[in-house]
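Undergrad: Quick one: the structure is below, questions incoming.
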Amino acid sequence: MEAFLEILKIVLPAAMVFVATYIILRSMLENDQKKREYEIRKKTTMLCYR
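Note that my numbering numbers the sequence shown so that position 4 is 40, with each residue one more than the last.
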């Protein structure tokens, strides 16, 4: 039982850091994708109205 608790002391914080990193990176990548899509739409709109 003591060995299990020692392993849990290491694994639980590592898992929390992994989940937090995943959420932050996913959010950042989604925002970058939205910016790229906006820029493409903006360029396309400018080309259409010329």
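Note that the Cβ used here is the ideal one computed from N, Cα and C, for glycine as well.
These numbers were taken from a predicted model, which means no experiment stands behind them.
Restricting to runs no shorter than 4 residues, where is the alpha helix (DSSP H) found entirely within the segment 54-78?
TA: If we require 4 residues or more, the segment 54-78 turns out to have no alpha helix (DSSP H) run fully inside it.
Undergrad: Please report how far the alpha carbon of R72 lies from the alpha carbon of L65, in whole angstroms.
TA: 11 Å
Undergrad: Excluding the 5 residues flanking E75 on each side, which residues of the same chain have their C-beta closer than 7 Å to its C-beta?
TA: none
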